[in-house]
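S.K.: Mind having a look at this structure? Questions to follow.
Numbering (the working numbering), first residue to last: 1 to 147.
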């Protein structure tokens, strides 16, 4: 092998290594957020405990209803209750998300992570019996989870 061929191979290897390092620098923190335990733990610190509680209170019931409607398809009590819940809380939830987004506290990536994380939490609560599908409509119609 000539010196030029060796230099070209070394240059290609160096380019691949540099690309991998740059990709790790830019993508690494995003991947780390997904790997964190529970995927949503870091948001509590980022947006504040009160805002975090409001977001989870507003989103978890929707997840519960989604899971319960898989078990009890088209249950009119659950469908009516979740529509009622959404109409009571939609304005407050939208205002909260817009305020957090405007202050750069909640990115679209954070919203996706929160949705996915709370979907897992809702699933666990139903499987563990913390939330029961047969009386979910009563809890949704109460102000238990209202913002």
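C-beta atoms are modelled at their ideal positions from N, C-alpha and C, and glycine is treated no differently.
1. Taking its Cβ as the centre, do 16 or more other Cβ atoms sit within 10 Å of residue 30, making it buried, or is it exposed?
2. Please work out which residues of its chain come closer than 8 Å, Cβ to Cβ, to residue 58, disregarding the five sequence neighbours upstream and downstream, and give them in chain order.
3. Just to confirm the assignment, what range does the alpha helix (DSSP H) spanning residue 68 have?
4. Looking only at its chain, what residues have a beta carbon closer than 8 Å to the beta carbon of residue 51, apart from the 5 residues adjacent to it on each side?
5. Evaluate contact between the stretch 73–89 and the stretch 117–132, counting only Cβ atoms and requiring at least three cross-stretch pairs below 8 Å.
6. Please classify residue 134 as buried or exposed, where buried requires at least 16 other C-beta atoms within 10 Å of its C-beta.
7. Can you tell which of 64, 55, 69, 53 has its C-alpha closest to the C-alpha of residue 128?
8. Helix, strand or coil: which one does DSSP assign to residue 147?
9. Is the beta carbon of residue 140 closer than 8 Å to that of residue 82?
10. Rounded C-beta distance between residue 110 and residue 43? I'm assuming under 8 Å.
11. Mind reading off the beta-carbon distance from residue 77 to residue 137? Whole number of angstroms is fine, and I expect it under 8 Å.
12. Would a C-beta distance cut-off of 8 Å place residue 113 and residue 40 closer than the cut-off?
13. Run through DSSP, which three-state label would residue 107 get?
M.R.: This is what the structure gives:
1. The residue given as residue 30 occupies position 30 in the chain shown. Here the model assigns residue 30 a pLDDT of 47, short of 50, so the residue's position is not dependable, and the following value carries that caveat. Classification of residue 30: exposed, given that the 10 Å Cβ count is below 16.
2. By 1-based counting over the chain shown, the position of residue 58 is 58. Hits under 8 Å: 89, 92, 93, 96, 145, 147.
3. Taking the first residue of the chain shown as 1, we reach residue 68 at position 68. Run containing residue 68: 49–71, per the alpha helix (DSSP H) assignment.
4. Taking the chain shown and counting its residues from 1, one reaches residue 51 at position 51. Once the five neighbours on either side are set aside, the close Cβ partners of residue 51 are 96, 100, 105.
5. no
6. For the purposes of this step, residue 134 is identified with residue 134 of the chain shown, where counting begins at 1. Exposed is the call here.
7. Translated into positions along the chain shown, residue 128 becomes position 128. If we check each option's Cα against that of residue 128, 64 comes out closest.
8. By one-based count along the chain shown, residue 147 stands at place 147. Of the three classes helix, strand and coil, the one that applies to residue 147 here is coil, per DSSP.
9. Mapped onto the chain shown, residue 82 falls at position 82. Mapped onto the chain shown, residue 140 falls at position 140. Yes, the Cβ-Cβ distance between residue 82 and residue 140 is below 8 Å.
10. Along the chain shown, read from residue 1 onward, the residue named residue 110 stands at position 110. Along the chain shown, read from residue 1 onward, the residue named residue 43 stands at position 43. Correct: roughly 6 Å between the Cβ atoms.
11. As a first step, residue 77 is located in the chain shown; it is residue number 77 there, counting from the start. As a first step, residue 137 is located in the chain shown; it is residue number 137 there, counting from the start. Indeed, because the Cβ distance is near 4 Å, the residues count as touching under 8 Å.
12. Reading the chain shown from its first residue, position 113 is the one you call residue 113. Reading the chain shown from its first residue, position 40 is the one you call residue 40. The answer is yes: Cβ separation under 8 Å.
13. Looking up residue 107 in the chain shown gives position 107. Three-state result, residue 107: coil.
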